[in-house]
Amino acid sequence: MRFMNFTYIFFLSFSSVLAANESSNDQLVSQAIGASLQGDTSAALNYLAKVEAPKLNQKSELFYNCMHERFGNITPTKNTSAVEGSLTAKLTKLFRNYWHKSLGSPDSRNENGIELDNKLKEELGLDKDATPAELDDTIRSKLKKEGNYALLGQTGVLRELMIWSKEERKQESVKMPHGNYKTSVVYLDEFIEAGWAMYATCEQRGTGGWVAEKTLYAVVPRYKDIKSEVFSVTFLGHETQHFLDLDKYDDLQSWELEYRAKLMELSMADKTQTSVLRKFIEDQRNDASYPHSYANYKLLKDLVSTLALSTPNDLYNVDREHLNNAAITLFNADTISRH
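Residue numbers for the sequence shown follow this note's numbering, beginning at 1 and rising by one.
Structure representation (structure tokens):
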């Protein structure tokens, strides 16, 4: 299985920010999003089946309708951004077929992945014995001839494909609790395919960026304002912590990298604290094979214990500074435990 040093950032609030007093409808929608992010849209539809549709707000209603239309159908939603007949269009079709089948039937992921590989090799004219690296290199090379860039590999439980056509590199200064850091950021824009998380959640959640080869990559369309706290904390703070940890530690598991970056994110959050908490709470799972979901589960469990609370929802009622301090305390304790 192929992995890259990158991470999903699920940062957008689903609608207006909801907290401990959210309705049962809101909770079911959040659970549906969480199930989708864990690669199981059948479970997501089961949650949505319990929703009282007439009581949904406009954004939740759009999500509800899209999920039923997209995943109640055996045919994947067509990507209309790619030029008809191009390799880009052919690849997005193959990957969406794979995503659609795997999301609807998680037990078939491995089988579907093998089928995807075979179809990609056939489309690209590669030998059946071509390695994963050879396959990915060929895809990138051929897409580049069409003026596009690509992210491949595996994100979480599914094979990834993101395609974009515009890049801009800048040097940024990132202010964090333990100091200021200079980092190189590549801003990515004009996306043709935005990845499986966007497909799985009807465009409500998606990759905000990743770190690779000492560079941060930012998915510009995922941010309303790159000067906002969402960008400076959820992207720059989170991903810079990945960069620092990858440089310092050789043996961190994926969930441990996420655990530390999410704690750093929460320790820095001010106006976005409620929405940061919400994205952690909606996507948690006590299973380390789901790095993001398990990191959320572990982080929330540790915060609840540290603050002597009863449930993760109680964290919504903790004042900002107290929660910031609890997060950095847990982060520091984790760092000390590694010495």
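Built from N, CA and C at the ideal position, the CB exists for glycine as well.
None of the values given here were measured: they were computed from a predicted structure.
Alpha-carbon spacing of residue i relative to residue j, whole angstroms
i	j	result
residue 77	residue 42	16 angstroms
residue 320	residue 238	18 angstroms
residue 163	residue 89	10 angstroms
residue 272	residue 115	42 angstroms
residue 338	residue 256	11 angstroms
residue 233	residue 32	26 angstroms
residue 193	residue 140	14 angstroms
residue 85	residue 28	40 angstroms
residue 294	residue 173	30 angstroms
residue 280	residue 287	15 angstroms
residue 51	residue 270	32 angstroms
residue 62	residue 327	34 angstroms
residue 203	residue 67	10 angstroms
residue 308	residue 178	26 angstroms
residue 165	residue 69	29 angstroms
residue 38	residue 283	8 angstroms
residue 302	residue 330	8 angstroms
residue 185	residue 151	16 angstroms
residue 126	residue 91	14 angstroms
residue 251	residue 245	10 angstroms
residue 167	residue 223	16 angstroms
residue 23	residue 64	16 angstroms
residue 54	residue 235	35 angstroms
residue 74	residue 247	44 angstroms
Residues that residue i bridges to, as DSSP identifies them
i	result
residue 185	170, 216
residue 159	154
residue 231	For residue 231, which the question treats as bridged, DSSP gives no partner whatsoever.
residue 210	217
residue 175	180
residue 259	In DSSP, residue 259 forms no bridge with anything.
residue 164	149, 191
Own chain residues within Cβ distance below 6 angstroms of residue i, not counting five before or after
i	result
residue 243	211
residue 325	none
residue 100	76
residue 36	44, 200, 201
Given residue i as reference, the closest of the options once Cα atoms are compared
i	options	result
residue 333	149, 260, 129, 107	260
residue 46	317, 262, 71, 193	71
residue 153	146, 137, 167	137
residue 104	308, 200, 23, 66	200
residue 93	318, 195, 262	195
residue 108	35, 214, 157, 330	157
residue 230	167, 39, 208	208
residue 215	190, 223, 171	171
residue 57	26, 30, 318, 198	26
residue 254	30, 155, 306, 106	155
residue 40	60, 183, 106	106
8 angstroms CB neighbourhood of residue i in its chain, flanking five on each side removed
i	result
residue 176	237, 240, 241, 264, 268
residue 304	310, 311, 312, 314, 315
residue 226	187, 218, 220
residue 113	98, 102, 159
residue 128	118, 121
residue 49	none
residue 124	135, 138, 139, 142
residue 318	307, 309, 326
Classification of residue i by the beta-carbon crowding that lies within 10 angstroms, buried from 16 upward
i	result
residue 296	buried
residue 336	exposed
residue 289	exposed
residue 169	exposed
residue 83	exposed
residue 148	buried
residue 292	buried
residue 80	exposed
7 angstroms Cβ shell around residue i - same chain, five flanking residues per side excluded
i	result
residue 13	Per-residue confidence for residue 13 stands at a pLDDT of 36, beneath the threshold of 50, marking its modelled position as unreliable; no derived number is given.
residue 87	142, 143, 146
residue 299	259, 262, 263, 280
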